[in-house]
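Peer 1: Encoded as structure tokens, here's the structure I'll be asking about.
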Amino acid sequence: MDRLLSRLPLFVTLAACAALLAYGPIAQPARYHDFADVSLWLGLPHAADVLSNLGFALVGLWGWRRLAPQRIHPALRDGWWGYRLLLAGLVLTAIGSAWYHLAPDDDRLLWDRLPIALACAGLLAAVRAETVGSRAPRDEAALFALLGVASVVWWYVTNDGGDGDLRPYLLLQGLPLLLIPLWQAAHRAAPADRLYFGAALLLYIAAKATELLDHQLLALLGAVSGHTLKHLLATVAAALIVGRLAQRVAPSARAGA
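Quick note: the sequence shown uses my numbering, first residue 153, plus one each step.
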């Protein structure tokens, strides 16, 4: 059973790739840039969608300050190259997404999606290094980062007339949801890791759902749009992961906690 479980992530990855290849190109919706948030604050357009990105920067900077000094800690060193990419991706996402939401279009969207791809790539690289293991975690994190950048560049260069192919980018966002629980289960990650990371992944799924219900949630709630909620929920998801990593390196941390 353990042997089968350890091979399942590879089978899932291959199946996802095969399914996307069979499905064919996936373009973003024609009205993708038509966000529900039209708030104006101190002359700032789309203020809620713009300012709700601040949380990503705060979590990324908090994580860097808390974790970087402990990067050789036994509970962190295996995944550090991936986690540092995640933290950098969070800070850059705050900048890129805020820039995009000021005046949404495909050219600005490139700078929104690139750091998101880096963050996803970093998380994948980190958890894989901690569970499966890696002889060259720095090189593996760099490879994941390159693949993340390539997934966004592929969308951008194929985006002739708004029909760019999102399949590689969607695969990169979907794989952490599938592979991280499998890796942690197969390699018996600490229960607290599985709890915190699992909660973070569920929150990210909820964030993606609110993104799809952008206009509907604004009509229902009145004060906040679905896309703004997406930013807030994704920030909490990132904070759960960083918080768990901070627990690992805390002086009072118990072995296996």
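Note that CB positions come from ideal geometry on N, CA and C, so glycine has one too.
1) What's the call for F163, buried or exposed, on a 16-neighbour Cβ count within 10 Å?
2) Tell me the DSSP secondary structure of L196 in three-state form.
3) Quick one: is D257 buried, meaning 16 or more other Cβ sit within 10 Å of its Cβ, or exposed?
4) May I ask you to report which of helix, strand or coil DSSP gives P226?
5) Could you check whether L254 and A273 sit closer than 8 Å to each other, using their CB atoms as the reference points?
6) Which residues in the same chain have their Cβ closer than 6 Å to the Cβ of R396, if we skip the five residues on either side of it in sequence?
7) Assuming L219 contacts A359 under a Cβ cut-off of 8 Å, what Cβ separation, rounded to an integer in Å, is found between them?
8) What are the boundary residues of the alpha helix (DSSP H) that includes Q336?
9) Alpha carbon to alpha carbon, how far is L242 from A271?
10) If I'm right that L228 touches R346 with Cβ under 8 Å, what's the distance once you round it to whole angstroms?
11) Under 8 Å between C-beta atoms, does L334 make it to chain D?
12) F187 lies in the alpha helix (DSSP H); which residues open and close that run?
Peer 2: According to the structure shown:
1) exposed
2) strand
3) exposed
4) coil
5) no
6) Y348
7) The pair is not a contact, with the Cβ atoms about 23 Å apart (cut-off 8 Å).
8) 319-338
9) 6 Å
10) With a Cβ gap of about 17 Å, L228 and R346 do not count as contacting.
11) In the displayed structure, chain D is absent; only one protein chain is listed.
12) Premise fails: F187 is in no alpha helix (DSSP H) and is neither H nor E.
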